[in-house]
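Written out below as structure tokens is the structure these notes cover.
Numbering (the numbering used here), first residue to last: 4 to 347.
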């Protein structure tokens with residue numbers, strides 16, 4: 004079931020790319036080698052039980068890592084240390100879990116390192132070197148009529164996670180993503196995307212900070228998730244949060260030049276800039292998080308509402324429209340994703 008769907012959808016896309024790569028170097032017969040399949044895993048958090056679901060996109064295995072959290076949102080995998088970091092919405096802290104690759108299927112895991120409980124409503128994690136940024140969408144000033152949010156900036160050093168400073172934003176937050184040194188942030192409850200240039204170096208103290216630039220994305224009602232890889236940005240659209248069938252995601256190739264060409268406060272037009280995937284066949288209702296793998300041209304979506312929650316993948320979605328997912332796996336209240344792959 005899930006195992007076969009996951010394996011088929013990703014391996015077909017990745018395998019064809021690897022074959023092309025291998026065939027392109029045919030000047031020397033001795034250089035011909037069998038295609039080397041990648042290690043590829045998708046890590047998912049959820050707000051149903053807080054566990055970590057690991058989808059092995061090569062073997063097709065699906066594993067549940069049971070945590071002490073009751074709800075979690077935001078997840079990241081450190082490949083160099085083989086650790087997962089997850090934001091717990093039930094304990095309002097960051098938790099680190101070690102030796103992930105050595106775990107047996109369906110293991111119970113305990114945090115080896117935890118931050119203090121500074122968070123109130125964590126939504127997403129972005130990591131840059133030893134900096135961990137958490138987007139928190141709790142109301143800061145107690146006035147629901149004023150939009151605000153916070154970016155909690157942590158440092159990781161000597162095995163410890165310490166809060167460095169807190170940046171208050173002038174809009175509500177959801178998804179965040181580092182692109183180089185710049186931090187992109189979803190302007191929740193709108194169709195806007197903001198960027199804070201040179202984020203970690205420019206924001207070293209507690210302060211209220213304006214974004215360097217805010218751009219509206221034509222065609223989106225309310226964006227939540229974002230993902231960037233090799234020049235392509237994925238933005239999700241939850242539409243009406245009360246609906247489980249009006250979601251979408253947008254694909255923006257050559258994103259950097261397109262975003263840079265729009266003035267602060269302007270709008271990125273749909274025509275010739277974006278591809279929209281939406282419709283009843285997509286199973287998209289409230290797509291709250293996204294990941295993207297440029298090598299296989301695969302979009303991964305955490306869908307929180309449709310069917311109670313799903314993890315969906317879309318191969319070669321560039322045509323747009325009402326495209327059926329290539330994999331469709333049930334995960335109650337799916338909340339966030341992180342994709343990792345590496346050549347073996």
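The C-beta atom is built at its ideal place from N, Cα and C for all residues, glycine as well. Note that the coordinates shown come from a computational prediction; the quantities given were computed from them, not determined experimentally.
Point to revise | Cut-off 7 Å between Cβ atoms - residues of its own chain near residue 77, not counting five sequence neighbours on either side | key: 48, 89, 90, 125, 126, 127, 128, 137 and 339
**Study point:** Reduced DSSP category for residue 94 - H, G, I as helix; E, B as strand; rest coil
**Key:** coil
Review point. For residue 293, which three-state DSSP category applies?
Key: strand
Review point. Can you pull the DSSP bridge partners for residue 169?
Key: 155
Practice item. Reducing DSSP to helix, strand and coil, say where residue 345 ends up. Key: strand
Review point. Which residue comes first and which comes last in the beta strand (DSSP E) that contains residue 204?
Key: Element bounds for residue 204: not the beta strand (DSSP E) but the alpha helix (DSSP H), 202-205.
Practice item. Say whether the segment 241-253 touches the segment 195-203, bearing in mind that this needs 3 or more beta-carbon pairs closer than 8 Å, one atom from each stretch. Key: no
Point to revise | Extent of the continuous alpha helix (DSSP H) run through residue 261 | key: 258-263
Point to revise | Opening and closing residue of the beta strand (DSSP E) in which residue 253 lies | key: 251-255
Practice item. Closer than 7 Å by C-beta to residue 336: which residues in its own chain qualify, once you throw out the five before and the five after it? Chain order, please. Key: 49, 50, 51, 307 and 312
**Study point:** DSSP-derived helix/strand/coil call for residue 194
**Key:** coil
Check your understanding: Just to confirm, are residue 229 and residue 180 a CB contact at a threshold of 8 Å?
Key -> yes
Review point. Under 8 Å, do residue 85 and residue 102 count as touching if we go by C-beta distance?
Key: yes
**Study point:** Cβ neighbour criterion (16 or more within 10 Å) applied to residue 208
**Key:** exposed
Check your understanding: From this set, 298, 100, 154 and 278, which residue's C-alpha is nearest residue 325's C-alpha?
Key -> 278
**Study point:** Distance CB(residue 134)-CB(residue 164) smaller than 8 Å
**Key:** no
Review point. What's the gap between the Cα of residue 110 and the Cα of residue 213?
Key: 43 Å
Point to revise | Cross-strand partners of residue 43 (DSSP beta bridge) | key: 344
Check your understanding: Is residue 138 helix, strand or coil by DSSP?
Key -> strand
Point to revise | Validate contact between the segment 317-332 and the segment 280-289 using beta carbons, cut 8 Å, 3 pairs | key: yes
Check your understanding: Candidates 98, 264, 95 and 315: which alpha carbon is nearest residue 289's?
Key -> 315
**Study point:** Separation of residue 121 from residue 153, as counted between CA atoms
**Key:** 11 Å
**Study point:** CA-to-CA distance, residue 56 to residue 332, given in whole angstroms
**Key:** 11 Å
Point to revise | Sequence-distant residues of the same chain with beta carbon closer than 8 Å to residue 269, five excluded per side | key: 218 and 219
Point to revise | Residue range of the unbroken beta strand (DSSP E) whose run includes residue 132 | key: No beta strand (DSSP E) contains residue 132, which DSSP labels as neither H nor E.
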